[in-house]
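Enquirer: Protein chains in written order, with this note's numbering: chain A, 1096 to 1219; chain B, 1096 to 1219.
Right, here's the structure in full:
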């Protein structure tokens, strides 16, 4: 059975794949029902029905072609995990880097979903 | 005995008081030894000896006169707690609002310290 660390690494890989495919329903499904995104310069985005359209608009606005998420630190506390990581976005105008903190929840079916997701820019 | 929620509310109140007093050694002491700040547009700031000077420079740059932190959500998992909240900064040029996610650790002496601290802007 894969460890929580392996599950979350796989979920992050899948997130990048879904961005490349522009599968925004699939991206929304990476989050818990009552997840919250805390994007820079924006109000909190709450719930899966708002999260898909948020990513669709953000990917379009930046011309994101690919996203790679890398875990720097992961702490698991039962069915909750705290991840610090770095994201690299390949965009129309070059590469953008962010750092992030994500609270994951393992749901009843054993699948880890993002529950709270906040990020901000790294310097160029 | 105060609850973890009360302890963390008191720690946030204290953070604001220390900002007002420009007590940057005191602010650094609100963090764990190996804490990480993830400030917007900056590399990660690691460790208490770097955190005091970071806040000193940030408070000077923005002309921060007061900071008020308000918890929106707190989840406690043993000696770790995840907090989502909002900060209001009174600055030389008006009011600035941020949202944040903080991972707290309860240390051996029972004191809650900030361990991972990331934030970004709310819209004006």
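Just so it is clear, CB atoms sit at the ideal spot from N, CA and C, and this is done for glycine as well.
#1: I'd like the list of long-range same chain contacts for residue 1146 (chain B), defined as Cβ closer than 8 Å, with 5 residues on each side in sequence excluded.
#2: Does residue 1148 (chain A) have its Cβ less than 8 Å from a Cβ in chain B?
#3: What are the boundary residues of the beta strand (DSSP E) that includes residue 1190 (chain A)?
#4: Name the chain A residues that come within less than 8 Å of residue 1099 (chain B), Cβ to Cβ?
#5: In the segment 1167-1180 of chain A, which residues sit with their C-beta less than 9 Å from some C-beta in chain B, listed in chain order?
#6: If the cut is a Cβ gap below 8 Å, which residues of chain A does residue 1139 (chain B) touch?
#7: On the criterion of 16 or more Cβ atoms from any shown chain inside 10 Å, does residue 1202 (chain B) qualify as buried, or is it exposed?
#8: Anything in the segment 1114-1125 of chain B with a Cβ closer than 9 Å to a Cβ of chain A? List those residues in chain order, please.
#9: Given that a residue counts as buried once 16 or more other Cβ atoms are within 10 Å of its Cβ, and exposed if not, what is residue 1204 (chain A)?
#10: Are the C-beta atoms of residue 1128 (chain B) and some chain A residue less than 8 Å apart?
#11: Just reading off the alpha helix (DSSP H) that residue 1223 (chain B) is part of, what are its end residues?
#12: Count Cβ pairs between the segment 1101-1110 of chain B and the segment 1152-1167 of chain B that sit closer than 8 Å; are there 3 or more?
#13: So, at 6 Å on beta carbons, what are the nonlocal neighbours of residue 1184 (chain A) in its own chain, with the 5 sequence-adjacent residues on each side left out?
#14: Within the continuous alpha helix (DSSP H) that includes residue 1147 (chain A), where are the two ends?
#15: Nearest chain A C-beta to residue 1218 (chain B) closer than 8 Å, yes or no?
#16: Please list the partners that residue 1107 (chain A) has in chain B, where partner means a Cβ-to-Cβ separation under 8 Å.
Expert: Checking against the coordinates, here is how it stands:
#1: Start at 1 with the first residue of the second chain, and residue 1146 (chain B) comes out as number 51. For residue 1146 (chain B), same chain residues with a beta-carbon under 8 Å away, outside a window of 5 residues either side, are 1122, 1123, 1126, 1130, 1132 and 1140 in chain order.
#2: By 1-based counting over the first chain, the position of residue 1148 (chain A) is 53. Judged by the 8 Å Cβ criterion, residue 1148 (chain A) is not in contact with chain B.
#3: Indexing the first chain from 1 puts residue 1190 (chain A) at position 95. That run of the beta strand (DSSP E) goes 1189-1201.
#4: Start at 1 with the first residue of the second chain, and residue 1099 (chain B) comes out as number 4. By Cβ distance, chain A contributes nothing, its closest Cβ being about 14 Å from residue 1099 (chain B), past 8 Å.
#5: Cβ contacts with chain B come from 1167, 1168, 1170, 1172, 1173, 1175, 1177 and 1179.
#6: What you label residue 1139 (chain B) is simply residue 44 of the second chain in a count that begins at 1. By Cβ distance, chain A contributes 1194.
#7: Taking the first residue of the second chain as 1, we reach residue 1202 (chain B) at position 107. Exposed: under 16 other Cβ atoms inside 10 Å.
#8: none
#9: Against the first chain, residue 1204 (chain A) aligns to sequence position 109. The residue is exposed, with fewer than 16 neighbouring Cβ atoms inside 10 Å.
#10: On the second chain, residue 1128 (chain B) is found 33 positions in, with the first residue counted as 1. Closer than 8 Å: no.
#11: Given that chain B is displayed from residue 1096 to residue 1219, the structure contains no residue 1223 (chain B) and the question cannot be resolved.
#12: yes
#13: Residue mapping note: residue 1184 (chain A) aligns to position 89 of the first chain, counting from 1. These residues qualify, in order along the chain: 1159, 1162 and 1191.
#14: As a first step, residue 1147 (chain A) must be located in the first chain, where it is residue number 52. That run of the alpha helix (DSSP H) goes 1143-1157.
#15: As a first step, residue 1218 (chain B) is located in the second chain; it is residue number 123 there, counting from the start. So yes, residue 1218 (chain B) belongs to the interface.
#16: Looking up residue 1107 (chain A) in the first chain gives position 12. Per Cβ cutoff of 8 Å: no residues; residue 1107 (chain A) is ~17 Å from chain B at best.
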